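Chemist: When we follow our numbering, the leftmost residue of the first sequence carries the number 13, and every step to the right adds one.
The structure that follows is given in the form of structure tokens.
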Amino acid sequence: MNQSDPRPDPQDSLAHEPAAGSLSARARAAVAPQSPYLNGLNPEQRAAVEATEGPVLVLAGAGTGKTRVLTTRIAHLIATGKAYPSQILSVTFTNKAAREMRERITAVIGPVAEGMQWLGTFHSIGTKILRRHAELVGLRSDFTILGTDDQLRLMKQVIEAEGIDEKRWPARQLAGHIDGWKNRGLGPDQVPAGEAGAFANGKGGRLYRAYQERLKTLNAVDFGDLLLECLRLWREHPDILEQYQNRFRYMLVDEYQDTNVAQYLWLRLLAQARKNLCCVGDDDQSIYGWRGAEVDKRGAEVDNILRFEHDFPGATVIRLERNYRSTGHILSAASGLIAKNQGRLGKTLRTEDEPGEKVTITGAWDSEEEARLIGEEIEALHAKKHSLSEIAILVRISAQMREIEDRLVTLGVPYRVIGGPRFYERAEIRDALAYLRVVNQPADDLAFERIVNTPKRGLGDATIQVLHNHARAARVPLMEAARFIVETDELKPKPRGTLRDLLISFGRWAKLSETMSQSEVAQTVLEESGYTDMWQKDKSADAAGRLENLKELVRSMEEFPDLQSFLEHVSLVMEANESDTVERVSLMTLHAAKGLEFDTVFLPGWEEGLFPNQRALDESGRAGLEEERRLAHVGITRARRRAKIYFASNRRIHGLWNSTVPSRFIDDLPESNVEVAEAPANFSYGGSRFDRMQPFSGSSYQTPGWQRAQAHRASTDDGGYSARRSGDRRGPMLIEGELVAKSTGGSGFKLGGRVLHTKFGPGTIEAVDGNKLTVEFDKAGRKMVLDSFVEALG
DNA sequence: TGGAGGGGCATTTTT
DNA sequence: TGCCCCTCCA
Numbered sequence: 013m014n015q016s017d018p019r020p021d022p023q024d025s026l027a028h029e030p031a032a033g034s035l036s037a038r039a040r041a042a043v044a045p046q047s048p049y050l051n052g053l054n055p056e057q058r059a060a061v062e063a064t065e066g067p068v069l070v071l072a073g074a075g076t077g078k079t080r081v082l083t084t085r086i087a088h089l090i091a092t093g094k095a096y097p098s099q100i101l102s103v104t105f106t107n108k109a110a111r112e113m114r115e116r117i118t119a120v121i122g123p124v125a126e127g128m129q130w131l132g133t134f135h136s137i138g139t140k141i142l143r144r145h146a147e148l149v150g151l152r153s154d155f156t157i158l159g160t161d162d163q164l165r166l167m168k169q170v171i172e173a174e175g176i177d178e179k180r181w182p183a184r185q186l187a188g189h190i191d192g193w194k195n196r197g198l199g200p201d202q203v204p205a206g207e208a209g210a211f212a213n214g215k216g217g218r219l220y221r222a223y224q225e226r227l228k229t230l231n232a233v234d235f236g237d238l239l240l241e242c243l244r245l246w247r248e249h250p251d252i253l254e255q256y257q258n259r260f261r262y263m264l265v266d267e268y269q270d271t272n273v274a275q276y277l278w279l280r281l282l283a284q285a286r287k288n289l290c291c292v293g294d295d296d297q298s299i300y301g302w303r304g305a306e307v308d309k310r311g312a313e314v315d316n317i318l319r320f321e322h323d324f325p326g327a328t329v330i331r332l333e334r335n336y337r338s339t340g341h342i343l344s345a346a347s348g349l350i351a352k353n354q355g356r357l358g359k360t361l362r363t364e365d366e367p368g369e370k371v372t373i374t375g376a377w378d379s380e381e382e383a384r385l386i387g388e389e390i391e392a393l394h395a396k397k398h399s400l401s402e403i404a405i406l407v408r409i410s411a412q413m414r415e416i417e418d419r420l421v422t423l424g425v426p427y428r429v430i431g432g433p434r435f436y437e438r439a440e441i442r443d444a445l446a447y448l449r450v451v452n453q454p455a456d457d458l459a460f461e462r463i464v465n466t467p468k469r470g471l472g473d474a475t476i477q478v479l480h481n482h483a484r485a486a487r488v489p490l491m492e493a494a495r496f497i498v499e500t501d502e503l504k505p506k507p508r509g510t511l512r513d514l515l516i517s518f519g520r521w522a523k524l525s526e527t528m529s530q531s532e533v534a535q536t537v538l539e540e541s542g543y544t545d546m547w548q549k550d551k552s553a554d555a556a557g558r559l560e561n562l563k564e565l566v567r568s569m570e571e572f573p574d575l576q577s578f579l580e581h582v583s584l585v586m587e588a589n590e591s592d593t594v595e596r597v598s599l600m601t602l603h604a605a606k607g608l609e610f611d612t613v614f615l616p617g618w619e620e621g622l623f624p625n626q627r628a629l630d631e632s633g634r635a636g637l638e639e640e641r642r643l644a645h646v647g648i649t650r651a652r653r654r655a656k657i658y659f660a661s662n663r664r665i666h667g668l669w670n671s672t673v674p675s676r677f678i679d680d681l682p683e684s685n686v687e688v689a690e691a692p693a694n695f696s697y698g699g700s701r702f703d704r705m706q707p708f709s710g711s712s713y714q715t716p717g718w719q720r721a722q723a724h725r726a727s728t729d730d731g732g733y734s735a736r737r738s739g740d741r742r743g744p745m746l747i748e749g750e751l752v753a754k755s756t757g758g759s760g761f762k763l764g765g766r767v768l769h770t771k772f773g774p775g776t777i778e779a780v781d782g783n784k785l786t787v788e789f790d791k792a793g794r795k796m797v798l799d800s801f802v803e804a805l806g
């Protein structure tokens, strides 16, 4: 490929555009050197790259070189002259994925990749399209993209305006509904009556419509609109749709299994004409069903990916099943697990790598011990010179992180939490952006409202209400209403003066932005408004971090030509620059781990109720269970060499200790690829306790995996009296060991006797049933416990 | 108007 | 158990 090729971009110009496959295009392809980029692809990958025409579904299992196929395919399209970079639509879900793809394409084909102006997320591409045709959907091209917090504030206003009690019908809930509708591609008029009525006694649909109207008046859109408005644009203006259909000769979609209905419709409209749509995904890694990645118009649960062949007849389906990531046992364990799912297209991953280590399963007495065991293993790996950056701990819910973090802090193991609030979702960033938005666009009411009293300057609800009333009556933006109000005596002198000062400041900053660089303006605004000061005076632990984030924000602004373009860019693609040179263990949710890989992966919390998550089961039944299982599959397949599963028999949920049962997913793992971990020296107590957990365990303890776990335990521990590691801080355990032995011959506890439980503390025995005691604990209330868990007092 | 404390609540989350 | 939101009071 000639990298300095100054070919004109055929788009938006009258430049001659050789048709794909035309003589000149073929001639050009013939001139191009043989395609070195195809080297090293396996036959399936190569097929996926070369099947350029018509609909193609690439089922790419974990670690099968999916990104490589995508990037090579693009390189191939360009190198063979089938399309110019600007004629390829390439969609990803995250900005990170888009960035990485661009980098990798550049590495293969050189700077021509810069011409890929349609490589990005659904949302960024949607934005680009909407800005071009904004007026056709009732927007101006400089529309603002609202973040979640702005959305919520707006919905609150809408709810109040309709005279609905916001406490009874919280904005958050409405946001959920609207979000769901938008995910399914439904505008206010298309929501099924039954659903629209579900909120606020039948007013759901009306609120949705009112919300959309408010957005339009504010010249704003939310994330969902970025797709929905495109759909509307294309449906109402077929000529424009046609432009895009012609423009995008080839379309590629990454992570297709995660597309929601709106995205699916968006793609289908575009692909209708040329049908050169290549979707890459893995039905076994579909873990965002709850976010609208399923459920079609008829309400049936149908994954887009499962019906691709139906929607695109004659589609080529290519399976990538050669895994280049994990060792044999890990891969077989994951395959065995996912094979238990029914709703799947079916793939069997294989590897030519060595079997490697088996997946380990370790039981812990409680979540604290679980964290300790993980900590110890990490230390051991570190001692063996394993890099900490190659270790990850993947949890089901964020709440699990706390105990693990505590442990890592105690051990002094450096770690980082991945995920959490995005950079631009952080309060301080949103605040700073709001200031800049007002400077840039004084009519931005949402931004104005956000910062009018941040930092606190005595312009509270009362003042805002006055402004609102005027703004509404005079149909002007808040800022303009404020200008008017400060000239009247409607406000008390103090707030009036403050407000006037603020208006003067904004006038000054707006003027500054004409001469100063945008980062200097930002700096000045943040200082003069007292915003930086506010955080400097803040004594809370994260204030320093927030100031750091603000600096980062100002720094990142330098890359943009002006404030306007910075703001346009920022709402979609801002991310914190992680300049991290220290090696750290990564801690994140399973969801956040998708797409990542590590040598060693710790998977704590494999317990019924937590994982599979009870709520997923309650709300979505079998579909929920299968999604949870896919999540487990994603977890295991993140590991290259070591996957370590843990469960605890006791876990604190919302502050209360619950006894738990190992996850059914443990039993889904093929026996031959799994080993029950050597019982740690201090674990035998737990082991002996597990043996007595039956009354609490429901039926699951009978399952093969559980029996395996027990059998192994019996062979590796010595009946509950293993030498305890010295220094174990849990002193009373030895006593409990004795109690275990004692209680085998029957209960030695009497009604009314006082006992001490390691977790629940002291209590009085209220009933005895075999080895089960009902104890009224002084602090924890009445519980049924096993006698082996308590020590007789006095 | 704003800080302090009580009540309710508590998956997963790109854009 | 801890957090967030809301209300109450200074």
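The C-beta atom is built at its ideal place from N, Cα and C for all residues, glycine as well.
All figures in this text were calculated on a predicted structure; none of them were measured in a lab.
#1: What residue does the alpha helix (DSSP H) around Asp-513 start on, and which one ends it?
#2: Pull up the distance between the alpha-carbon of Leu-332 and that of Gly-75, whole angstroms please.
#3: On the CB-based measure, 16 or more other CB atoms within 10 Å of its CB, does His-189 come out buried or exposed?
#4: For the alpha helix (DSSP H) that Trp-618 lies in, which residues bound it at each end?
#5: Excluding five sequence neighbours on each side, which residues of the same chain lie with their C-beta closer than 7 Å to the C-beta of His-394?
#6: With distances taken Cα to Cα, identify the nearest neighbour of Pro-467 among Val-451, Asp-457, Ala-439, Gly-77.
#7: DSSP three-state label for Ser-399, please.
#8: Opposite Met-413 in the DSSP bridges: which residues?
#9: Are Arg-650 and Leu-406 closer than 9 Å when you measure CB to CB?
#10: Sorted by chain position, which residues of the same chain lie with C-beta nearer than 8 Å to Arg-794's C-beta, five sequence neighbours on each side aside?
#11: Would you kindly check if the distance between the Cβ of Ser-379 and the Cβ of Gly-617 is under 9 Å?
#12: First and last residue of the alpha helix (DSSP H) that includes Asn-258?
#13: Based on Cα-Cα distance, which residue from Ala-59, Arg-85, Gly-607 lies nearest to Val-120?
#14: Is the beta carbon of Asn-195 closer than 9 Å to that of Ala-274?
#15: Classify Ile-516 as buried or exposed, calling it buried when 16 or more other Cβ atoms lie within 10 Å of its own Cβ.
#16: In the structure shown, what three-state DSSP assignment does Phe-155 receive?
#17: Do Thr-133 and Thr-104 have their beta-carbon atoms positioned less than 9 Å apart in this structure?
#18: Let me confirm a value: Gln-412 is counted as buried when at least 16 other C-beta atoms fall within 10 Å, else exposed. Which label applies?
#19: Excluding five sequence neighbours on each side, which residues of the same chain lie with their C-beta closer than 6 Å to the C-beta of Ala-404?
#20: Starting from Asp-808, trace the beta strand (DSSP E) both ways and give me its first and last residue.
#21: Rounding to the nearest angstrom, what Cα-Cα distance links Gly-647 and Val-61 in this structure?
#22: Return the chain-ordered list of same chain residues with a C-beta closer than 6 Å to the C-beta of Cys-291, the five sequence neighbours on each side being excluded.
#23: In angstroms, rounded to a whole number, what distance separates the CA positions of Gln-224 and Gln-185?
#24: Report buried or exposed for Asp-201, applying the criterion of at least 16 other Cβ atoms within 10 angstroms of its Cβ.
#25: Let's test the definition: count the other Cβ atoms within 10 Å of the Cβ of Asp-296 and tell me whether it reaches 16, buried, or not, exposed.
#26: Secondary structure at Thr-118, three-state DSSP: helix, strand or coil?
#27: Determine the direct distance from the alpha carbon of Ala-660 to that of Val-802, and round the result to whole angstroms.
#28: Could I get the ranges of all uninterrupted alpha helix (DSSP H) runs contained in the region 231-303, with 4 residues as the minimum, in chain order?
#29: Are the region 427-437 and the region 576-586 touching, with three or more C-beta to C-beta distances below 8 Å?
#30: By Cβ distance, which residues of its chain are closer than 7 Å to Val-170, with the 5 residues on each side in sequence left out?
#31: In three-state terms, what does DSSP make of Gly-764?
#32: Can you check the region 174-226 for any beta strand (DSSP E) of at least 3 residues that lies completely inside it and give the ranges in chain order?
#33: Rounded to a whole number of angstroms, what is the C-alpha to C-alpha distance between Gly-197 and His-581?
#34: What is the DSSP secondary structure of Phe-105, counted as helix, strand or coil?
#35: Just confirm the distance between the C-beta atoms of Gly-73 and Lys-359, as a whole number of angstroms; I'd bet it's less than 8 Å.
#36: Excluding the five sequence neighbours on either side, which residues of its own chain have a C-beta within less than 8 Å of the C-beta of Glu-112, listed in chain order?
Modeler: Answer, in terms of the structure:
#1: 505-527
#2: 9 Å
#3: buried
#4: Run containing Trp-618: none; DSSP gives neither H nor E here.
#5: Leu-400
#6: Ala-439
#7: coil
#8: Paired residues: none, contrary to the question.
#9: yes
#10: Glu-778, Thr-786, Val-787, Glu-788
#11: yes
#12: 250-259
#13: Arg-85
#14: yes
#15: exposed
#16: coil
#17: yes
#18: buried
#19: Ser-598, Phe-610, Val-613
#20: No information on residue 808 is available, as it lies outside the stretch 13 to 806 that the chain covers here.
#21: 28 Å
#22: Leu-69, Val-265, Tyr-268
#23: 16 Å
#24: exposed
#25: buried
#26: helix
#27: 19 Å
#28: 235-248, 250-259, 273-286
#29: yes
#30: Leu-219, Ala-222, Tyr-223, Arg-226
#31: coil
#32: none
#33: 25 Å
#34: coil
#35: 5 Å
#36: Thr-79
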